[in-house]
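Residue numbers (this note's numbering): 15 to 223. For each residue, glycine too, the CB sits at the ideal point set by N, CA and C.
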Amino acid sequence: MKLRILVALVLLVSISGSAWQKQQPDTTIVSGTTFFSPFFRFHYSFPQGWTAEDNQVRMDRNRVEYQNLLHHSKAAPPLLPYYGVSVAQVFRSYDLLLATPPRTTAETKSPTPYIRFCALERSNSFRSPGSHASMLVRLKAVKLLHKGQKQTISGRKFIRTDVITERGQFIAMYETVAKDYLLLFEFHGGDEQEMNKFAQSIQLLAFDK
15 MKLRILVALV
25 LLVSISGSAW
35 QKQQPDTTIV
45 SGTTFFSPFF
55 RFHYSFPQGW
65 TAEDNQVRMD
75 RNRVEYQNLL
85 HHSKAAPPLL
95 PYYGVSVAQV
105 FRSYDLLLAT
115 PPRTTAETKS
125 PTPYIRFCAL
135 ERSNSFRSPG
145 SHASMLVRLK
155 AVKLLHKGQK
165 QTISGRKFIR
175 TDVITERGQF
185 IAMYETVAKD
195 YLLLFEFHGG
205 DEQEMNKFAQ
215 SIQLLAFDK
């Protein structure tokens, strides 16, 4: 949650002139453990036995958080002049997938492991692969475990950065650019071995030609 708030704050001070797309970026299709993003045109299979968050719940949360950002932007001090008027404009972020394994009541206190995909509208802060992880490290929201490494997956260039949160969560972050967005693929684990285990499934990611 802290990471999401930090991202939202950075998005709040960014410039964007676009409106809601008719085809929403966070519209997704989940069948069993198969995930498909019609907007970004990629497929992925998360681990057997895992479940994805309900699509309507996820999309409703995206809308609420966007409205909250708009509300805060109106209350924030003016940032940049635009045709003689100082305005604060907002870039959007979308959760695309949150997949988790089966949990018992006792295990619900532990937030790991889980897999999270999201899309960040590109800005000066989130411009190229690796920029999201770099920002979190600069803000000291996470500690760097392994610096960014270039990888090619499904014919696309990615940057993988491994970090540790203040709660001891290990996260492998894969970032790539698609359309006007920075796509972020996160694999969370309770230790480095668990993180790497689930991060291997990034090889199941396939973008349509």
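When the options are compared against residue i, the one with the closest alpha-carbon
| i | options | result |
| --- | --- | --- |
| isoleucine 129 | Tyr188, Arg181, Glu180, Leu83 | Tyr188 |
| glutamate 208 | Phe140, Thr126, Cys132 | Thr126 |
| isoleucine 185 | Glu206, Phe172, His85, Asn76 | Glu206 |
| glycine 46 | Thr179, Tyr58, Phe53, Gln38 | Tyr58 |
| phenylalanine 131 | Leu197, Phe56, Lys223 | Leu197 |
| serine 215 | Thr179, His202, Lys157 | His202 |
| lysine 8 | Gly144, Gln70, Ala133 | Here the chain comprises residues numbered 15 to 223, so residue 8 is not present and cannot be evaluated. |
| phenylalanine 54 | Ser137, Asp40, Arg72, Leu83 | Asp40 |
| valine 156 | Ile178, Ser145, Lys171, Arg141 | Ile178 |
| glycine 162 | Glu79, Val151, Arg170 | Val151 |
Unbroken alpha helix (DSSP H) run spanning residue i, endpoints
| i | result |
| --- | --- |
| arginine 152 | 145-152 |
| alanine 213 | 206-213 |
With 16 other Cβ atoms within 10 Å as the buried cut-off, status of residue i
| i | result |
| --- | --- |
| isoleucine 43 | exposed |
Collapsed DSSP secondary structure at residue i in the structure displayed
| i | result |
| --- | --- |
| arginine 130 | strand |
| valine 104 | coil |
| glutamate 67 | coil |
Residue i: first and last residue of the uninterrupted beta strand (DSSP E) it sits in
| i | result |
| --- | --- |
| threonine 114 | 107-114 |
| threonine 41 | From DSSP, threonine 41 is part of no beta strand (DSSP E); its letter is neither H nor E. |
| serine 137 | Per DSSP, serine 137 belongs to no beta strand (DSSP E) and is neither H nor E. |
Exercise. In chain order, which continuous runs of the alpha helix (DSSP H) of length 4 or greater are located wholly inside the stretch 139-203?
Worked result: DSSP runs (the alpha helix (DSSP H)) wholly in the stretch 139-203: 145-152.
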